[in-house]
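Before any comments, here is the structure.
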Amino acid sequence: GYYHGIPELVVEILSSGTKRNDLIKKLNLYLDGGIKEYWIVDPEIKQVLIYRFEDGQILKNKAFSSPGKAVSFLFPNLEVDLAKVFL
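Each residue of the sequence shown is one higher than the one before, starting from 26 at the first, in the numbering used here.
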């Protein structure tokens, strides 16, 4: 089935064909759509860019690079070891 409602977290993995769409169009779509946190994973540069949204505004954003950890603004116990993601 399908999830009905607005997810709190969306994760997108960039590819050369979708990069522009994910970085611009989807960012604005999720910002306007009520998503609270948006992760953009860029395997080319081994980086995760995290945006925290609230009331149609960007509250925070931060880039996390391998070999560090990506840490959620929204979920305090959610962190991802990027050295294990980008092998």
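We put the CB at the ideal spot given by N, CA and C, even for glycine.
{"Item": "Where does Phe78 land, buried or exposed, given buried means 16+ other C-beta within 10 angstroms?", "Value": "buried"}
{"Item": "For the beta strand (DSSP E) that contains Asp67, what are its first and last residues?", "Value": "62-67"}
{"Item": "Should Ala88 go down as buried or exposed, given a rule of 16 or more other Cβ atoms within 10 Å for buried?", "Value": "exposed"}
{"Item": "State the Cα-Cα distance for the pair Lys94 and Gly26, rounded to the nearest angstrom.", "Value": "32 Å"}
{"Item": "Is the separation between the beta-carbon of Asp57 and that of Gly30 shorter than 9 Å?", "Value": "no"}
{"Item": "Can you give me the start and stop residues for the alpha helix (DSSP H) that Leu56 sits inside?", "Value": "52-58"}
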